[in-house]
Amino acid sequence: MRTMGIRVLLALVLLLMTMAASEADSPLQSRRNQTVLPAIVQKATLPQMVEVYRTSEREPSALLAYLDDAFLAQKVPAERVTLDVQNKRLALRYYALARLGDTAGEEIIPMLQNIVEARKRSAGEERMSLEEDFADEVEVVIERIRYRAKGTEAYVQEMMNWIGVSEPPAESPWEDKVKVWRRVREGARALGILQCTQAVPHLMRWAANPSAGGFAELDMFCARALARIGDKRSLEALKVALLNFVDYGLYAVLPLEPGEPDIAWAYWQMRTEGMSVEAAVREIVRSCREGQLQQHRILEQIGDAAVPILRSVLMDDGADLKEQRVALYVLGSMRSREAADVFLHVLRHSPVEDIRAKAAINLGRIGAREAVDELMKAAAQENSLSLKLSAIDALGLIGEPLAEPLLLNMAKNHPHASVRFSAVYALQTTGDRNTAFALQRLLTTEKDDNVKLAIRAVAEQLLQKSR
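Numbering (our numbering), first residue to last: -11 to 455.
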């Protein structure tokens, strides 16, 4: 009996170890304990933001320096202030101010009030200026600090009050509307950080109304808060946010904060929760029929674990074309050498022109010399220009000398300038010194200026290589 008991115990231990290993291998397991999370559709966390986060945990008052333009210029240095530099400085200042609201005590309020007064004096009589807007942002932070000082319950209740309001009437003064919108945005962020599930219904209401909040983009800011909370009730709201996401606007300019999950990652983590790796990948691939939900970026994040399932999609001649396209895209971007045989299968057998062309260029990217014969056939055919160009580019990427005569002939004789141009550039990896001389002779007959430029550049490169 004792032996039986030991065996049962060992079996249970093995089962638990297997379950733990399965969960650890899950490509979409929660990463909420990490400071920097994967950026899928949103901008990646800036290193300076991580510094702000760590500073706020130790000494919140040190963040006041980030409210100074000269200090920001030191933190995000640039010889020329481009829009990207401006956006990074804006994001850093906004995050430092937000972290003051998250962590600072009431003792810092007088210093913040001094900043408000200075900014308002600078704004003078000008209404809706950047100075006045910044002063209003600081005042909201002061309010948050005061409510936090009353305790978590009071703080949560006030943030709930902020997001629980209705859209201001159209006839309301503009300043009143902005005041409401700003509190909705900041209340949503605060409740998201606290992972407050009771806020989900209000956040979903705002997220479902893209027109609410005017320029304030409250739907997307509330979607970001829902992603932080991770409540499955918000799946549809996050899906709508992904379908409507564009890479401009304040919500897109502000990068992921430290510890903040990308809305695409949060959506797919919730949607595939409890699934095996294979089931999760198949679910992501099948969803291509639902629209652009960043499936390719998620599959790239999963990496090698997704390769067997993506291979099976391409080997299935009856698979949905959208699924095949995403499989080709992901395997190509991963430079997956394991997929060489399926790329070759698609090149040979797919009836769809753009899919064959994508398979061809993928073969070039992974340097598949075993595909040279098929690629030369594809380059020689005249039924599909896109396939022809992709095959030529692939031969150039592989750099197979056997393709040199074919490419040189196309560079010399093909009627289409784009084919001659591509063939010339492919010769820079397949040709030699003699190829350079042959190309130079083409300058006397070539009429297209772009092709001439390509000929000169490639011929010079081949001659230098042979010295």
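In this text, a Cβ means the ideal position worked out from N, Cα and C, and glycines have one as well.
Here the stretch 37 to 52 makes no contact with the stretch 262 to 280; the two share fewer than three CB pairs at distances below 8 Å. Sequence-distant Cβ neighbours of S374 in its own chain, meaning closer than 8 Å and more than five residues away, are E341, D342 and A345. In this structure, P198 keeps its C-beta atom at 8 Å or more from the C-beta atom of L34. By the Cβ rule, the stretch 286 to 293 counts as touching the stretch 313 to 321, because three or more pairs are nearer than 8 Å.
In the structure shown, the three-state DSSP call for A225 is helix. Counting along the chain, C210 sits inside the alpha helix (DSSP H) bounded by residues L206 to I217. Non-local C-beta neighbours of K76 in its own chain, meaning closer than 7 Å and more than five positions away in sequence, comprise L34 and V64, ordered along the chain.
Counting only the Cα atoms, K167 lies some 10 Å from P156.
Here A391 is near T418, since their CB atoms are less than 8 Å apart. Of the residues A368, A61, G237 and R216, the one whose Cα lies closest to the Cα of E245 is R216.
Rounded to the nearest angstrom, the Cβ distance from A86 to Y54 is 11 Å, too far for a contact under 8 Å. Beta-carbon to beta-carbon, A382 and L394 are separated by about 13 Å, too far to satisfy the 8 Å threshold.
For H404, no alpha helix (DSSP H) segment is defined, and its DSSP state is neither H nor E.
For V126, the enclosing alpha helix (DSSP H) covers residues L118 to A137. Close CB contacts of L450 within its chain, under the 7 Å cut and outside five residues either way in sequence, are with Q416, G419, D420, R421, T423 and A424 (chain order).
Per DSSP, the unbroken alpha helix (DSSP H) holding K440 starts and ends at D437 to S454. At the C-beta level, D207 and A229 come within 8 Å of one another.
Apart from sequence neighbours up to five positions away, the residues of its chain that approach E174 with a beta-carbon distance below 6 Å are V128, ordered along the chain. When only Cα atoms are considered, L88 and D219 end up about 27 Å apart. In the structure shown, L430 falls within a helical segment according to DSSP collapsed to helix, strand and coil. The stretch 98 to 109 and the stretch 143 to 150 do not touch, with fewer than 3 CB-CB distances between them shorter than 8 Å. The DSSP-derived three-state label of G384 is helix.
A straight line joining the alpha-carbon of R193 with that of K227 spans about 14 Å. For F233, no alpha helix (DSSP H) encloses it, and the DSSP letter there is neither H nor E. In the three-state reduction of the DSSP assignment, I151 falls in the helix class.
Distance from the Cα of A225 is smallest, within the candidate group E248, D235 and V188, for V188.
Per DSSP, the continuous alpha helix (DSSP H) segment holding R270 begins and ends at V265 to R274. Burial is judged here by how many other beta carbons sit within 10 angstroms of a residue's own beta carbon; D90 has at least 16 and is buried. Where M322 is concerned, there is no enclosing alpha helix (DSSP H), because DSSP gives it neither an H nor an E.
The Cβ neighbour count for H190, taken over all protein chains shown within 10 Å, is at least 16; the residue is labelled buried. The C-beta distance from I251 to R221 rounds to 15 Å, too long to fall under 8 Å, and the pair is not in contact.
Bounds of any alpha helix (DSSP H) do not take in G262, whose DSSP letter is neither H nor E.
A distance of 8 Å or more separates the beta carbons of E205 and L182.
For the pair M99 and D56, the Cα-to-Cα distance works out to about 13 Å. If the five residues before and after P48 are omitted, its C-beta is found closer than 8 Å to the C-beta atoms of R87, L88, T91, A92, G93 and I96, all from its own chain and listed in chain order.
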